[in-house]
Each structure stands twice: as structure tokens, then as C-alpha cells.
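Some notes on the structure that comes next.
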Amino acid sequence: MNKHSRPMTGGRSVDEITGSRRLRRMRKADWSRRLVQENRLTVDDLIWPIFVIDGENRRESIPAMPGVFRMSVDLAAEEAARAAELGIPAIATFPNVDISLRDQTGSQILDADNLINRATRAIKAAAPNIGVITDGALDPFTSHGHDGILRDGVIVNDETVEQIAAAAVLQARAGADIIAPSDMMDGRIGAIRDALDANGFQDVAIMSYATKFASAFYGPYREAIGTKGLLKGDKKTYYLDHANSDEAVREAEQDLAEGADMIMVKPGLPYLDIVRRLKDEFAMPTFAYQVSGEYSMIEAASANGWIDGEKAMMESLLAFKRAGCDGILTYFAPRVAELLKRG
Ligand code: PBG
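Numbering-wise (my numbering), the sequence shown opens with residue 66 and increments by one.
See below:
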């Protein structure tokens, strides 16, 4: 009989079967459960992704993401100050760019005064102590919603990388602390590192979306940044096949070799096996993105009274910690921070 197979009870008592070991003993009271708890979620684990739009004093709701809003830069700066006060370490910005500014190559990303860079400056002015994370992907800026330059039906890698590296320098100049390219082009981490260093931004870090999978869970995000109606086809020629795990290790290894300071797994909850593998393999700062679809599922089930939304939110985030995450990008961040503060 192998040690994991089920013993035959044969009329024996539980103690005869298990010896004196009773695993329920430490679960009997709140104090003992707290004492042996292995993982904890704190405000220091949270990164808050927010959506920004043009204009002033504007707040738009996003139907697929109840409780999440697109905010004009002034309001985003106020919210960043509130987040800093709550102790949230960092904020990640995503722009919903006016459709008239989107084009085939996403050239708007190279405007030093674009929405994302204006947001960074405003957030840094309002909340100097919160980390600002900016995205390097082209999808908010392209007329086709793809993350790279689209030519003859192909997302061209190297030209896209060049553009993203140039954009990263502008983002750093605006005050970004971490550049987090979410595009999955080959070679982008090395190119961004070189460009940052060549421009004196040695202290600006890179969080690589090292393993970003082609996923249905991004749906609500595309509504939030306005690419839903634009995107034709899918992103399978650059995002990872969600059937693969070894390939995820190769992606992370490559990005770390090119100079990534932190790595990220995206989506989150369905990919905790990848988180654990990367943490064990590389022992690097490892993050996960609880993406829009994951947020929306919890919100929708909660709104229907099918689950306790607050408990599901906390359980899902603790699961990331258990899997080995150092932090989580989550739309729940301010709600969680408030909950943790209340204790
Ligand atoms: C694209 C990008 C995506 C997300 C952030 N940046 C995926 C996509 O639209 O294909 C997803 C975030 C989320 O779903 O919360 N560079």
C-alpha cells in the first residue's frame, strides 16, 4: 500500500488509523487558526490598475465592470492620493484614447504629452509617494486594437519593439517608476532597458508581463479602453497559448535575462500553477494580474446573490499569495485596502 492510499478501516477507530495525529486540532478556535496561518494578504501586496480618459471632472462607468470607472486625469490624481493614503504601494494606468487619435501604428504613444504621460505627471504631483506603473503596449493607441504595428495582417515585432522602447523613455521622463510592457513582443525587455539606461533612467524598473496568455478573460478590459469594437481576430500570434506551461518558463527566463526586475503572470486565478512554477524556478519578485474578466465574474455572481462578493474577493487574493505572488494587480485594490484597514 503506498503511503497516500486510503487505509482499510476494518472496524478500527480513527485514532488507530491516524495515530495520535488530528489535523483538526489547530482549526478548533479562531486564535489557533490565526496562529498557524501560513499566508496573509496586506495592503502592501496591492497594485491598483486604473483607466484614464480625456477631459476634466469626468467619471464614466464601465458596464461590464461594475464599481470600476474611467476617470479624467484630475480625478485619477485625486484617487491616486486616496490610494496612497490607504497605503497602496502602486498604481498602473491604462488610457482610453480618443478614437480620433488612434492610427495604424499607434503613433500617439510617442507623444510626450499623451494621456498616459499627462496622467503620470498629475499622479506624481498629487501623490509623490505612490509608485506609477505604465504600459508599453500599443493597443490603446492603434485603430485595430492590436498591441503592435499591424502590416499585411502581421504584427511586426522589431519595429513595434523600437516604438515601445522610445515610448518607455517618454513615460520615464513623465515620472513613471516602473515600465510594464504588456505586449509580448520578443526582445522588448532588453530594448527598453537599453533605451532607459541610455537616457539616464537607470533607476526606472521593468515589470515584465512575462507570461501573458491568450485569454477570454480580457473581455471587459477591452470595453474599458475602447478596443472591443476595433479588434479583429485574436492575439494568438504574440500571447502565449494557454495550454502551455514550459513555454511560460522560457518566456520568463528570456525576460529576466534581458533585464526584467519583476515578472508577472496574466490572467491570474486560472494560472496559479504558472505563478508557483516561476517563483520556484527563478525566486524573483513575482506578480499576477487578476484581470477584468476575473473581477467581473466575482462582481456578477455577487450581484446575483450567488456568492458573497467580499469573501470571494478576499479568498481569491489570498490564493495568489499562497501560490507565491509578491503582489497582485487587482481592480479590487482600494476596496481591499479599506477592508484591511477596518480590520
Ligand atoms: C493589452 C492589455 C490587455 C490587458 C491589459 N493590457 C489584454 C488585451 O486587451 O488583450 C488586460 C487587462 C484586463 O483584462 O484586466 N496590452
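Backbone N, C-alpha and C fix where the C-beta goes; we use that ideal spot for every residue, glycine too.
As the structure is a prediction and not an experimental result, all values here were calculated from the model.
Within 10 angstroms of the Cβ of alanine 281, are there 16 or more other Cβ atoms? Answer buried if so, exposed if not.
-> exposed
> For glutamate 103, which three-state DSSP category applies?
Replying inline: coil
- Mind checking glutamate 380: buried by the 16 CB within 10 Å criterion, or exposed? exposed
Thinking just about the alpha-carbon of each residue, which of Asp248, Pro131, Asn161, Met91 is nearest to the one in glycine 120?
Asn161
*State yes or no: is the C-beta of threonine 292 nearer than 8 angstroms to some heavy atom of the ligand PBG?*
yes
Exposure of asparagine 369, with buried meaning 16 or more beta-carbon neighbours within 10 Å: exposed
- prompt: Are there three or more Cβ pairs, one per stretch, closer than 8 angstroms when the segment 337-355 is compared with the segment 90-106?
  reply: no
Which whole runs of the alpha helix (DSSP H) in the segment 371-400 are 4 residues long or more, in chain order? 374-388
Beta-carbon separation (whole angstroms), isoleucine 393 vs isoleucine 188, contact threshold 8 angstroms:
In fact, because the Cβ distance is near 20 angstroms, the residues do not count as touching under 8 angstroms.
Residues in the same chain with beta-carbon distance under 7 angstroms from glutamate 364, minus the five sequence neighbours each way, listed in chain order, please. Pro131, Gly132, Gly374
(message) Going by beta-carbon coordinates alone, are alanine 237 and alanine 275 separated by less than 9 angstroms?
(response) no
For the alpha helix (DSSP H) containing serine 357, list its first residue and its last residue. 357-368
query: CB valine 219 to CB methionine 250, shorter than 9 angstroms?
result: no
By DSSP, does proline 193 sit in helix, in strand, or in coil? coil
Limits of the beta strand (DSSP E) - the one that glutamate 125 falls within: 124-126
Q) Does the beta-carbon of leucine 235 have 16 or more other beta-carbons within 10 angstroms, so that it is buried, or is it exposed? A) buried
Q. Considering phenylalanine 134, what are the terminal residues of the beta strand (DSSP E) in which it resides?
A. 134-137
- Message: If I measure Cβ to Cβ from arginine 258 and keep anything under 7 angstroms in the same chain, skipping five residues before and after, which residues do I get?
- Response: Ile271, Glu323, Gly324
(Q) Quick check: is any heavy atom of the ligand PBG less than 8 angstroms from the C-beta of aspartate 212? (A) yes
Could you check what DSSP says for valine 219 in three-state terms: helix, strand or coil?
strand
Enumerate in chain order the residues of its own chain whose CB-to-CB distance from glycine 252 is below 8 angstroms, with the five nearest sequence positions on each side excluded.
Asn222, Asp223, Val226, Glu323
message: Using a Cβ-based criterion (distance less than 8 angstroms to any ligand heavy atom), does serine 247 qualify as near the ligand PBG?
response: yes
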